[in-house]
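Numbering (the UniProt record's numbering), first residue to last: 1 to 371.
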């Protein structure tokens, strides 16, 4: 005998993230048939339906999935390493997609760093969108380099950094024209036509600025990063189509009252061109990037002496002062054992001032203008 189901699932005993950043203890009903959240009151009282299943979340937080647009690898697999085996590379991608959901990430943009020129066409050709039940969605690719400013190169290999003397053609020569076509077919097994292509480059590198409009017209997100651009160059990049800033504060000039530079785009970009795009920014929560927000802005409700300063450092061991493995000698927070989700929870737990939270922008629509 076939048992008819309505596909309704009730998540109970959980906290739901609210628009104002607070947490509310309430149930959440979803319709498995279409993946939509439904109104429990209307569903029960008007449609006279009860959930087929009730799942007790044991007091955990239920929130929208996180989207990671700069991730170089995970679980022992490096997106920038290719060992002449397409199937092994694809399997590595699938492994990351299957496992990373445990961290709260439901979509990611695999990122490759500055490479030998010959590797780009192959790697970008393999980084196709992929989505499977129970896995995070691979959205496409993020090429960080090689058109970067030498003095702001960070860990990128100097011999592979390049200029773009022929503008957009130089980008085609590096990444492969087949990867920069106007419309991608995005073929990879169960892949769907949902792809995102993103390039991080320094607009002051010769030839880069002139290539931005063509990249933008082809649907490629241009992000300013690893750059020493002054204000006028950064604003010119936004006017030409740049609409993202890679790992804010890191590998760029620091904010100055006479030359706000790249960081100043967060306030200046709406005035660059009233009809054009604006610039968003994101921060990177890994051991190689430092994030310092509202230094000295101690929360009066914090019981652990947190001083409002986030420092994601490479050191994760206890030190002579006896502080815990997660805290440096100045209450600076290290990234060992922390994920994007725990980074967000640290903001919530310490009641970091709202002015700091504005720097941690939700990037689920990072290609859209900032309101």
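Even glycine gets a Cβ: it sits at the ideal position worked out from N, Cα and C.
- Ranked by Cα distance from residue 196, the options 205, 202, 209, 182 are led by 182.
- A distance below 8 Å separates the beta carbons of residue 95 and residue 77.
- Remark: fewer than three beta-carbon pairs, one from each stretch, lie closer than 8 Å, so the stretch 126-133 and the stretch 214-232 are not flagged as touching.
- Residue 56 sits in a strand when the DSSP states are folded into three classes.
- For residue 173, no beta strand (DSSP E) run applies; the uninterrupted alpha helix (DSSP H) run containing it begins and ends at 168-175, by DSSP.
- Short of 6 Å from the beta carbon of residue 200, and not among the five residues preceding or following it, lie these beta carbons of its own chain, in chain order: 144, 223, 225, 246.
- With fewer than 16 neighbouring CB atoms inside 10 Å of its own CB, residue 33 falls in the exposed class.
- Within the DSSP secondary-structure output, residue 143 pairs in a beta bridge with 112, 199.
- Rounded to the nearest angstrom, the gap between the Cα atoms of residue 103 and residue 66 is 9 Å.
- DSSP, read as helix, strand or coil, puts residue 214 in helix.
- Each of 40, 48, 64 was checked against the Cα of residue 21, and the nearest Cα belongs to 64.
- In the DSSP assignment, residue 101 falls outside any beta strand (DSSP E) and carries neither an H nor an E.
- Here the alpha carbon of residue 44 sits roughly 11 Å from the alpha carbon of residue 8.
- Rounded to whole angstroms, the separation of the alpha carbons of residue 214 and residue 10 is 48 Å.
- With contacts defined as CB atoms closer than 8 Å, residue 204 and residue 170 fail to qualify as a contacting pair.
- Contact between residue 152 and residue 251 is confirmed by a C-beta separation of about 5 Å, below the 8 Å threshold.
- The residue from 40, 176, 61 with its alpha-carbon nearest to that of residue 52 is 40.
- For residue 12, the enclosing beta strand (DSSP E) begins and ends at 8-12.
- With contacts defined as CB atoms closer than 8 Å, residue 265 and residue 236 fail to qualify as a contacting pair.
- DSSP places residue 24 inside the beta strand (DSSP E), whose first and last residues are 23-25.
- Measuring C-alpha to C-alpha distances from residue 90 to each of 140, 55, 70 identifies 140 as the nearest.
- Rounded to whole angstroms, the separation of the alpha carbons of residue 165 and residue 115 is 19 Å.
- In this structure, residue 13 sits near residue 57, with a CB-CB distance shorter than 8 Å.
- For residue 123, there is no enclosing beta strand (DSSP E); the enclosing alpha helix (DSSP H) has its first and last residue at 119-126.
- DSSP lists 107 as the beta-bridge partner residues of residue 137.
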